[in-house]
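The structure under discussion appears below in the form of structure tokens.
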Amino acid sequence: MTVIENILERAKSKLRTIVLPEPEDERVLRATEKIIKEKIAKIILIGDESEIKEDAKKIGICLDSDMITIINPKKFDKINEYAEEFTELRKKRGVIYEDALRIMTTDSKFFGAMMVRKGDADGMVAGSVSSTADVLRASIQVVKAREGLKTVSSCFILETKATEYGENGVIIFSDCGVVPNPDSSQLADIAESAAESAVKLLGAVPKVALLSFSTMGSAKHENVDKVTNTLKILDERKVDFEYDGELQGDAAIVPSIALKKAPYSKVAGNANVLVFPNLDAGNIAYKLVERLAKANAYGPLIQGLSKPINDLSRGCNVDDIVNVVAITSIEVE
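Mapping of the sequence shown onto this note's numbering: position 133 corresponds to residue 133, and the numbering continues sequentially without gaps.
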């Protein structure tokens, strides 16, 4: 069973309620049809019911199902409560009730995020129409980072055929899409979030490698210092997962090389979570592995939020949306 097949089966067993705030996109409607048919999740679509159903009818889709709810924010019975909540969240930024009400009734991503915050939905998936920046803005402003973290980041699940590495060939790469040049504290947040992603998404015991061009002091540079300082921060936080660094990529995943370069490390040679020192490294690495190793790459998946919200590429296909809905479903606590 592949990693995504496993995730889909787990999602079906949970049957969570996921908001899709962009039903104006035909791909979202087709994904909704597939999700309901396969009983992967319950779906909430945001917008005018008659318009959404008419759009669906034009492409041969019927949305009459007790697993689909269509909500028009302007007619929603809790809209004033949502606006008041958002006013309270953003009052230090000068947001007043009238501003909040306008945002809640006109921006489906903010409305969907508030549904998740208030417990009226379990998670949200957006981004087929909107930019990543817009999805992150709604997520961070409404559901916030989880307690104990200040940094929202992202990860990819890389599924390779090299089963001798990571978790039977599956490795978490982080951060590959959000924080351009994290400092040591942010890198520690990313490591914590990535470890949590390994647990939730893979059911794995995380072994986190903090990557660098140096292994255990083999080179001296301020970029290496950033990684070693991250190690100290994780020590101070007393996190409950195994981690080590600084490690070069080969020392992190290849046992024979780890034995030579970092013989006393519990993580070296066995890492299933790779934390990159910056976005350049993470983004380049996942794209190269995806193409050269013909790996399956799932993401970017947002991590570090208090509740699950995930982003889509605007170039996504129907199956991408279905898969991310399933991933979001199993992230629900």
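By construction, the Cβ of each residue, glycine as well, lies at the ideal position given by its N, Cα and C atoms.
Practice problem: Go through its chain and collect everything with a Cβ distance to residue 264's Cβ below 7 Å, but skip five positions before and after it. | Solution: none
Practice problem: Can you give me the start and stop residues for the beta strand (DSSP E) that residue 303 sits inside? | Solution: 296-303
Practice problem: Would you decide whether residue 277 is buried or exposed? Buried here means 16 or more other CB atoms lie within 10 Å of its CB. | Solution: buried
Quiz prompt | Close-in-space but distant-in-sequence residues of the same chain around residue 178 (CB under 6 Å, 5 per side omitted) | solution = 153, 154
Quiz item: For residue 219, which residues of its own chain have a beta-carbon under 7 Å away from its beta-carbon, when the five flanking residues on both sides are left out?
Solution: 213
Quiz item: Distance, Cα to Cα, residue 308 vs residue 301?
Solution: 10 Å
Quiz item: Rounded to whole angstroms, how far is the Cβ of residue 42 from the Cβ of residue 17, which I believe are closer than 8 Å?
Solution: 4 Å
Exercise. Measure the CB-CB distance between residue 102 and residue 143 and report whether it falls below 8 Å.
Key: no
Quiz item: Where does residue 55 fall in DSSP's three states?
Solution: helix
Practice problem: Can you say whether residue 93 is buried or exposed, counting buried as having 16 or more other CB atoms within 10 angstroms of its CB? | Solution: exposed
Practice problem: Please work out which residues of its chain come closer than 6 Å, Cβ to Cβ, to residue 166, disregarding the five sequence neighbours upstream and downstream, and give them in chain order. | Solution: 272
Quiz item: Is the segment 19-39 in contact with the segment 61-72, if contact means three or more CB pairs nearer than 8 Å?
Solution: yes
Exercise. Starting from residue 155, follow its DSSP beta bridges and name the residues at the other end.
Key: 174, 301
Quiz item: Skipping 5 residues on each side, what residues in its chain have a beta carbon closer than 6 Å to that of residue 253?
Solution: 165, 271
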